[in-house]
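Trainee: Quick one: the structure is below, questions incoming.
Protein chains: 2
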Amino acid sequence: MSPKITTELLKQLRQVMKNPRYVQEPVQAYIVPSGDAHQSEYIAPCDCRRAFISGFDGSAGTAIVTEQHAAMWTDGRYFLQAAHQMDSNWTLMKMGLKDTPTQEDWLVSVLPEGSKVGVDPFIIPADQWKRMSKALRSAGHDLVPVKENLINTIWTDCPQRPCKPLITLDLSYTGVSWRDKIIALRSKMAERKVMWFVVTALDEVAWLFNLRGSDVEYNPVFFAYAVIGMNTIRLFIDGDRMTDPAVREHLQLDSTLEPEFKIQVMPYGSILSELQAVGAGLSPKEKVWLSDKASYALTEAIPKAYRYLTPYTPICIAKAVKNAAETEGMRRAHIKDAVALCELFNWLEKEVPKGTITEIVAADKAEEFRSQQKDFVELSFATISSTGPNGAIIHYKPVPETNRTLSVNEIYLLDSGAQYKDGTTDVTRTMHFGTPSAYEKECFTYVLKGHIAVSAAIFPNGTKGHLLDSFARSALWDCGLDYLHGTGHGVGSFLNVHEGPCGISYKTFADEPLEAGMIVSDEPGYYEDGSFGIRIENVVLVIPAETKYNFKNRGSLTFEPLTLVPIQTKMIDVNLLTEKECNWVNEYHQKCREVVGAELERQGRHEALRWLLRETEPLARVQ
Amino acid sequence: MSPKITTELLKQLRQVMKNPRYVQEPVQAYIVPSGDAHQSEYIAPCDCRRAFISGFDGSAGTAIVTEQHAAMWTDGRYFLQAAHQMDSNWTLMKMGLKDTPTQEDWLVSVLPEGSKVGVDPFIIPADQWKRMSKALRSAGHDLVPVKENLINTIWTDCPQRPCKPLITLDLSYTGVSWRDKIIALRSKMAERKVMWFVVTALDEVAWLFNLRGSDVEYNPVFFAYAVIGMNTIRLFIDGDRMTDPAVREHLQLDSTLEPEFKIQVMPYGSILSELQAVGAGLSPKEKVWLSDKASYALTEAIPKAYRYLTPYTPICIAKAVKNAAETEGMRRAHIKDAVALCELFNWLEKEVPKGTITEIVAADKAEEFRSQQKDFVELSFATISSTGPNGAIIHYKPVPETNRTLSVNEIYLLDSGAQYKDGTTDVTRTMHFGTPSAYEKECFTYVLKGHIAVSAAIFPNGTKGHLLDSFARSALWDCGLDYLHGTGHGVGSFLNVHEGPCGISYKTFADEPLEAGMIVSDEPGYYEDGSFGIRIENVVLVIPAETKYNFKNRGSLTFEPLTLVPIQTKMIDVNLLTEKECNWVNEYHQKCREVVGAELERQGRHEALRWLLRETEPLARVQ
C-alpha cells in the first residue's frame with residue numbers, strides 16, 4: 001500500500017480556505033469529519049471527503065487542515081492502516097493514547113490568535129459542534145459553518161449521490177408494520193410532550209418504513225430524511241423510487257388512509273427549508289425531537305428553546321430490541337452464514353497447502369459461498385481477510401498491493417459477514433492451516449477465554465454493556481496482554497452491522513442498558529504488530545437467564561450465540577481452559593453440529609458436513 | 001429508631017420560603033443539599049441542615065421541599081435507614097432504581113409554571129448548579145441563589161462552627177514539605193497557564209499545608225480556604241489557631257522567607273470578598289483554577305471568562321498517589337489496626353455466647369482496643385456494628401433504639417476504622433460466633449470470590465477503577481445476586497476515609513486512572529433485607545505487577561492488601577472456591593500471621609496471637 005500524495009490537494013484546499021467565493025472570511029483551519037449528512041459510519045463514495053483529501057479510508061477518522069499542518073485523528077483499529085495510507089504531509093493522532101491531544105487542544109496549540117475554524121454544518125453533528133465551538137471560543141477562536149463544502153470545491157471528479165431502487169419488507173421479516181411503528185413513535189412523542197420528530201439517521205428511516213435500499217455499500221439504506229408530526233408524515237427522498245408500484249403499495253401512497261398516516265413525499269434536498277418552516281411555525285411549548293448527533297445545520301433550523309435533543313432516539317432504542325420475527329430471521333441468516341463458512345474453511349483446508357490462495361481469493365470465495373444462500377443481498381462490510389502480519393491491522397482489507405498468500409505457517413484471520421433479507425451477520429474466525437506455535441495457541445486461548453467470559457456472563461437486568469468489557473480482557477490482562485478496541489457493538493436486523501444504543505466497550509459512552517432481544521457482537525482479540533492477529537467473534541442475542549436466586553426480583557440476562565461456526569480446536573491450549581470453559585466450547589460445538597449440520601445435510605453439502613463434524617469433536621481436558 | 005416529626009419544621013420552612021426578609025421573591029421549592037461550603041462528605045453539626053429538616057442523617061442525600069411535597073434522594077446504602085428516620089411528610093427517592101425521577105425531572109413534574117427554586121449558593125457545587133439550572137430553565141423555572149440559608153433561619157439551636165487546635169505533621173509523616181507541595185502546585189498551574197488556584201476542599205487545604213485538625217468528626221480537617229497565586233499564599237482560617245507556636249513555626253510565619261512562600265493569614269469569612277477582589281483585578285488571559293465542585297458562590301466570584309474549572313484539582317490527584325513515607329505510615333497504621341481487631345474478635349468470641357454484648361458495646365470495645373495503639377487520634381467514621389437484620393442496613397450505626405445483642409445465631413458485620421497520625425484505616429469483617437447456615441456460607445463465599453477477584457486482578461497501567469467493578473460482582477451475578485453500592489473508594493493518608501479521584505464503581509463517574517501508590521478499598525457485599533448483611537473490606541495499595549508479557553510496554557498493576565485481619569474461614573464454603581482463590585486466602589492469612597503476629601508478640605498480646613494463629617489455619621480444598 002503506497003500513501004496517497006496529497007501535496008497538491010492540500011495546496012488547493014488551503015487556497016479555497018482563503019477564497020471569498022467560498023468563505024466569508026478566511027478560515028485558518030478546516031475540519032473534514034468522517035461522516036455524511038446523516039452521521040453514517042459507512043458512507044457513499046460521494047461522501048468520502050476525508051479519504052479523498054488524506055488517502056486514509058478507514059471507517060473512523062477526522063482530518064484537520066491548517067495553513068501549516070494536516071492532522072488525522074483515528075483510533076487503535078486504524079493506527080497502522082492510516083500510517084500506511086497517508087503521506088508525510090500528515091500527522092497521525094493516535095486516539096486513546098495518553099499523550100495524544102484532542103482536536104480542540106491541538107487546534108488551540110497550533111492556531112494563531114483569533115482564528116476561524118471552518119466546517120460543513122451538514123456534516124458535523126450538533127453535539128460535536130457544541131463541544132468544539134465552546135473549547136475554541138474559550139481560547140479566543142471561532143468555529144464557523146462553511147456552507148459550501150470546501151472538499152467538494154476541489155474534488156473535480158466527485159461521484160454522484162446514489163439513488164438506487166428500494167426493497168419492501170413484509171411483516172414476516174419485520175414483525176411490525178410501519179404504521180404500527182409510527183403509532184408507537186407518536187406515543188413516545190406524547191410521553192415526552194414533543195410535537196415533531198426528525199429522523200436523520202439512514203437506518204432509522206429504513207427501519208421505520210420497513211424499507212431497505214442500497215445507496216451505501218454494505219448498509220441496506222437509502223438517502224432520506226423523515227419528519228413525523230402527530231398528524232403528518234413527511235418523507236424526504238429523491239429519484240423516481242416512489243414510482244415503483246411495490247413501494248407505492250407498501251407505503252399505501254394511493255390508498256384512502258386516515259390523514260395522520262398519509263405520507264407526503266418531498267425532495268431530499270428540501271429538508272432544511274421544510275424544517276426551518278416547521279421551526280418558524282411552532283407555538284410555545286411545541287418541541288421538536290432530534291438526535292443530539294443530528295447535523296448542526298438541521299439542529300439550528302429549530303430555535304433553541306424548541307429543541308428536544310437526546311443521545312438516542314426512540315427509534316434507535318426500539319430498533320435495538322428485536323421482536324420474534326426479527327430474531328427468527330437473524331437465526332436463519334446465521335445458520336445460512338455458517339453453512340457458507342463451513343464450505344469455505346473446508347475448501348481452504350484443501351487449497352491453502354497448494355500455495356495459491358491469497359487473501360483476496362479467500363475473501364472472494366467466502367462471498368461466493370454466501371451468495372449461494374437464500375435471500376443473500378450483499379456483504380455487510382468489507383471482508384477482513386488477513387494472514388500473518390496483516391492480521392495485526394485490525395480493520396485490514398486486502399488490496400492487490402498488500403495481498404498475501406495464505407500458508408500453513410501463518411495464522412489466518414477472517415472477519416466477514418453478509419446481509420440476508422432475513423438478517424445481518426458478522427463473524428470472525430482465526431485459523432491455522434498448519435501447526436500453530438505454542439505461543440500462538442496461548443494467545444488464542446486467552447482470547448477464547450475472554451470470548452467465553454462475555455458470552456457466558458450472567459448479569460442483572462438493567463446492566464449496561466460497558467460493565468462486561470473487562471470480562472473479555474481479564475485472561476489477557478493476567479499475562480500483560482490487551483487489545484485496543486471495544487469488545488462488541490450492536491448489530492442490526494438486515495440493517496447496519498454496527499448500530500446503537502448498546503455495546504460492550506471500555507470506553508464509557510452513554511450506552512443504554514442491555515435488554516432481552518438486543519443483539520451485540522462479542523469479539524475480543526489480540527494483535528502483535530508485524531506478526532499476527534487473533535480475534536474470535538460471535539453475534540449473540542441477549543436472553544433471560546435462569547439463576548438460583550433473584551435479588552430484588554430484578555431478573556438476570558445472559559447471551560445466546562447466534563453465530564454457529566466452529567472455533568478451531570487446533571488453536572486451543574486445552575490446559576489453559578477451566579472445566580467450565582471447556583464445557584462451553586463442547587456445548588457450543590454440539591449446537592453447531594446439530595443446527596448447522598442439519599442445514600448442511602438439507603443442502604446436500606456432505607463434504608462441508610464432514611468438515612464440521614471433524615472440527616467439532618469434543619475437547620478433552622487433562623484433569 | 002423512630003422517625004423525626006417534621007410537620008412543624010416544614011411549616012416554618014414553607015413560611016420563610018415566602019418571607020421577603022429572606023427571599024427577594026417567594027421560592028416554590030427549596031433545595032437542602034448534603035454538604036457544607038466545602039462540599040465535604042462528613043460535616044460538622046452546624047452544617048447538618050438536611051438531617052435537621054428531615055431526620056435522615058446518612059452521609060449522602062438531598063432534600064427538596066416544595067409547598068406541597070418534601071422529598072429525599074439517597075442511594076442504596078441508605079434506603080432502609082432513610083425510611084426509618086423520616087416521617088410520613090417525606091417521600092423517599094431511591095436513586096439508582098429505574099423508576100426514580102431525577103431531582104430536576106421531579107421538580108418539573110410537581111412545580112406550578114414559572115416557579116423559583118431556591119438554594120444556598122455556598123452549599124451547592126457549581127457543576128450541580130449548572131446542570132440543575134439548565135434543566136429548570138428549559139422547563140420554564142428558575143434556580144435562584146438565596147443568600148441567607150433558610151434552614152438556619154428556623155434552626156434556633158444550631159451549634160457553633162467548630163474551631164479546634166491544629167496538628168502539625170513533619171516530613172517523617174508527609175514525605176514532602178508544604179513548601180515543596182506549593183512549588184509542585186505552581187508548576188502544574190504554569191503548565192495550564194493559570195495564575196491562581198483556589199483550594200476549597202478541606203482535605204486539600206490540610207494536605208497542602210501538612211496540617212491536620214478536628215473540626216469535623218472522623219476527618220482530621222479544619223475549616224479553611226486557601227488561594228495560591230504564583231507569588232502569594234493566602235490562608236483563610238478563623239480563631240486563635242495561628243497563635244500556636246508550633247503552627248507558626250511549621251508555617252514559618254515568623255521567618256524571613258522569600259515573598260512567594262510567605263503565608264498571609266486571613267479570616268475564614270473573608271474568602272468571598274477576597275476572591276471577588278482577585279476576580280476584579282484579573283488581566284486578560286489570567287485564569288483562576290477551581291474545582292468544578294467548588295461552591296456556586298465562589299465560582300461566581302470569578303468572571304466566567306477567567307475561570308478554569310476541572311473535575312479534579314492537581315492537589316486531589318497528587319494527594320491520591322501516596323509517597324514512600326505515606327505508604328509506610330499506612331502500612332504501620334494497618335498493622336496496629338489489625339492488632340486491635342485481633343484483640344476485639346478474640347474477646348467477642350469469648351463474650352458473645354454469654355449474651356451480654358450489644359452492637360454498641362462491641363463498637364466501644366473496638367474503639368478501646370484501637371485507642372491503645374500508638375498515634376491513635378480518633379475513629380475514621382462511625383463504626384458500623386450490626387448483627388442479624390441490622391447488617392442489611394448498609395451504613396447502619398447502632399443507637400440505643402436499634403441496639404441488638406450479638407448472639408451465636410446471627411451474622412455480625414463490623415465496618416470500622418481509625419485515624420492514626422501515620423495513616424487511616426477502614427476494614428470490614430463479617431463473623432459468625434456460632435454455626436453459620438449453608439446459605440449464609442454460600443453468600444459469604446460469593447462475596448469473598450468478588451473480593452479476591454478485585455484484589456488479585458492484574459490490569460494495564462492507565463486502567464480506570466470502574467473497569468474492575470464487575471469483577472467483584474461476577475460470582476454473585478452468576479447466582480442472581482448483587483449489592484447496591486460501589487466496590488471501592490480512595491482512602492486518605494491520615495485524612496478523609498473517602499477521597500477522590502479514584503474508586504471502583506459501576507457508576508461511571510469521571511475517575512482518574514489507577515496509578516501505583518494510590519490506595520483504595522475493596523469491599524463487595526451482599527445484603528438480605530430483614531435477615532443479614534455480609535461485607536468483606538480491605539484497604540489495598542496499587543502496586544506494579546510482574547506479568548509474563550508486556551503489551552505495548554504499558555506495564556501492569558495489581559493490588560497489595562494493607563489490611564491484614566483474618567477473614568473468618570468458618571464462613572467459607574471451600575468447595576465454591578477455585579484453587580487460585582483458595583491459595584489467595586491461604587497466602588493472605590500467612591501474611592497476617594507473619595506481620596500482625598510479630599506485632600502481637602512485640603506488644604505481648606499472647607491470647608490475641610493465639611486467636612490469630614487459630615483463625616489463619618490454611619484452608620484445605622477437596623480436589
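Sequence lines, in order, name chains Z and G.
Residue 546 in UniProt numbering sits at position 546 of the first sequence, and the numbers go up by one each step.
Residue 87 in UniProt numbering sits at position 87 of the second sequence, and the numbers go up by one each step.
Even glycine gets a Cβ: it sits at the ideal position worked out from N, Cα and C.
1. Between Z:ARG602, Z:ALA126 and Z:ILE228, which has its C-alpha nearest Z:ARG186's C-alpha?
2. How far does the beta strand (DSSP E) with Z:GLY486 in it extend, from its first residue to its last?
3. Within this structure, are the beta carbons of Z:HIS334 and Z:LEU564 separated by less than 8 Å?
4. Take G:LEU136 as the anchor and find which of G:GLN419, G:TRP155, G:PRO112 and G:LEU107 has the nearest alpha-carbon.
5. Taking Cβ to Cβ, would you say G:ASN231 is nearer than 8 Å to G:LEU169?
6. Mind checking whether Z:ILE154 and Z:ASP87 have CB atoms under 8 Å apart?
7. Please list the residues of the UniProt domain "Creatinase N-terminal" (49–148) of chain G that have a C-beta atom closer than 7 Å to any C-beta atom in chain Z, keeping them in chain order.
8. For a contact defined as C-beta to C-beta under 8 Å, what are the partners of G:LEU576 on chain Z?
9. Closer than 6 Å by C-beta to Z:LYS464: which residues in its own chain qualify, once you throw out the five before and the five after it? Chain order, please.
10. Let's test the definition: count the other Cβ atoms within 10 Å of the Cβ of G:SER133 and tell me whether it reaches 16, buried, or not, exposed.
11. By Cβ distance, which residues of its chain are closer than 6 Å to residue 658 of chain Z, with the 5 residues on each side in sequence left out?
12. Per the DSSP calculation, G:TYR527 is bridged to which residue(s)?
13. Given a cut-off of 8 Å on the beta-carbon distance, is the pair Z:LYS449 and Z:LEU557 in contact?
14. I'd like the ranges of any beta strand (DSSP E) spanning at least 3 consecutive residues and lying wholly in the UniProt domain "Peptidase M24 C-terminal" (557–619) of chain G.
15. Under 7 Å Cβ-Cβ, which residues of chain Z neighbour G:ASP478?
16. Does the distance from the C-beta atom of G:MET431 to that of G:TYR446 stay below 8 Å?
17. What number of angstroms, rounded off, separates the C-alpha of G:ASP180 from the C-alpha of G:THR174?
18. Compare the C-beta of Z:LEU481 with all C-beta atoms of chain G and state if any pair is closer than 8 Å.
19. Have a look at G:ASP292 and Z:LEU282 and give me their C-alpha separation to the nearest angstrom.
20. Helix, strand or coil, according to DSSP, for G:ASP511 in the structure here?
21. Consider the Cβ of G:GLY530: report whether some Cβ of chain Z lies at a distance smaller than 8 Å.
22. Looking at G:VAL146 and residue 712 of chain G, is the spacing between their C-beta atoms short of 8 Å?
23. Name the residue from Z:THR100, Z:GLY140, Z:ASP127 and Z:ILE452 whose alpha carbon lies nearest to the alpha carbon of Z:LYS116.
24. Measuring straight from C-alpha to C-alpha, what distance separates Z:ALA362 and Z:ASP337?
25. Contact check, G:VAL198 vs G:LEU290 under 8 Å by CB: the rounded distance?
26. Would the beta-carbon of Z:PRO389 fall within 8 Å of that of Z:GLY530?
27. Could you please give the first and the last residue of the uninterrupted beta strand (DSSP E) stretch that includes G:ASN538?
28. Pairing CB atoms from the segment 495–507 of chain G with CB atoms from the segment 298–309 of chain G, are three or more of them under 8 Å?
29. Any heavy atom of the ligand COA inside 7 Å of the beta-carbon of G:GLU515?
30. Among the residues of its own chain, which have a CB less than 8 Å from the CB of G:GLY261, if the five just before and after it don't count?
31. Does Z:SER556 get closer than 8 Å to chain G when you measure Cβ to Cβ?
32. Could you give the residue range of the alpha helix (DSSP H) that holds Z:SER109?
33. Hey, how far is the Cα of Z:PRO398 from the Cα of G:ALA320?
34. With 9 Å as the C-beta to C-beta threshold (strictly closer), list the residues of the segment 461–475 of chain G near chain Z in chain order.
35. Could you tell me which uninterrupted beta strand (DSSP E) segments, each at least 3 residues in length, are contained entirely in the segment 380–454 of chain G, listed from first to last along the chain?
36. Distance cutoff 8 Å, beta carbons only. Does G:TYR549 sit that close to anything in chain Z?
Mentor: With the given structure in hand:
1. Comparing Cα positions, the closest option is Z:ILE228.
2. From DSSP, Z:GLY486 is part of no beta strand (DSSP E); its letter is neither H nor E.
3. Taking the C-beta atoms as reference points, Z:LEU564 is found nearer than 8 Å to Z:HIS334.
4. Closest option to G:LEU136, Cα to Cα, is G:LEU107.
5. Remark: C-beta atoms of G:ASN231 and G:LEU169 do not approach each other more closely than 8 Å.
6. Cβ distance not < 8 Å, so Z:ILE154 and Z:ASP87 don't count as in contact.
7. Shown in chain order are the members of the UniProt domain "Creatinase N-terminal" (49–148) of chain G whose Cβ falls below 7 Å from a Cβ of chain Z: LYS98.
8. None at all; the shortest Cβ gap to chain Z is about 12 Å.
9. Only ASP511 and PRO513 meet the Cβ criterion.
10. Buried, since its Cβ has 16 or more Cβ neighbours within 10 Å.
11. Outside the displayed span of chain Z (1 to 623) sits residue 658 of chain Z, for which this structure offers no information.
12. Bridge partners of G:TYR527: G:GLY533.
13. When the beta-carbon positions are compared, Z:LYS449 and Z:LEU557 stay at least 8 Å from each other.
14. Runs of the beta strand (DSSP E) inside the UniProt domain "Peptidase M24 C-terminal" (557–619) of chain G: none found.
15. By Cβ distance, chain Z contributes ILE458.
16. Taking 8 Å as the Cβ cut-off, G:MET431 and G:TYR446 do not qualify as a contacting pair.
17. Approximately 11 Å, taken between the alpha carbons.
18. When Cβ-Cβ separations below 8 Å define contact, Z:LEU481 makes contact with chain G.
19. Distance from the CA atom of G:ASP292 to the CA atom of Z:LEU282, rounded to whole angstroms, is 36 Å.
20. In the structure shown, G:ASP511 sits in coil (DSSP, three-state: anything other than H, G, I, E or B).
21. Look at G:GLY530: its C-beta is not under 8 Å from any C-beta on chain Z.
22. Outside the shown range of chain G, which is 1 to 623, sits residue 712 of chain G, and nothing can be said about it.
23. Nearest of Z:THR100, Z:GLY140, Z:ASP127 and Z:ILE452 to Z:LYS116, Cα basis: Z:GLY140.
24. So the alpha carbons of these two residues sit roughly 15 Å apart.
25. Yes, G:VAL198 and G:LEU290 are in contact; Cβ-Cβ is about 5 Å, under 8 Å.
26. In this structure, Z:PRO389 sits near Z:GLY530, with a CB-CB distance shorter than 8 Å.
27. Counted as a single uninterrupted DSSP element, the beta strand (DSSP E) harbouring G:ASN538 occupies residues 538–545.
28. Flag = no, the segment 495–507 of chain G and the segment 298–309 of chain G do not touch.
29. By its list of ligands, the structure shown contains no ligand whatsoever, and the ligand COA lies outside what it can speak to.
30. One point to set straight first is that residue 261 of chain G is Phe, not Gly, in the sequence displayed. For G:PHE261, where only same-chain residues beyond five positions count, the Cβ hits under 8 Å are ARG179, ILE182, ILE233 and GLN252.
31. Yes, Z:SER556 lies at the interface with chain G (some Cβ there is under 8 Å from its Cβ).
32. Taken as a continuous stretch (DSSP letters only), the alpha helix (DSSP H) holding Z:SER109 covers 103–110.
33. Looking at the two C-alpha atoms, the distance is approximately 48 Å.
34. Residues GLY462, THR463, LYS464, HIS466, LEU467, LEU468, ASP469, SER470, PHE471, ARG473 and SER474.
35. If we require 3 residues or more, the beta strand (DSSP E) runs fully inside the segment 380–454 of chain G come out as 384–387, 411–416, 418–420 and 427–432.
36. Judged by the 8 Å Cβ criterion, G:TYR549 is in contact with chain Z.
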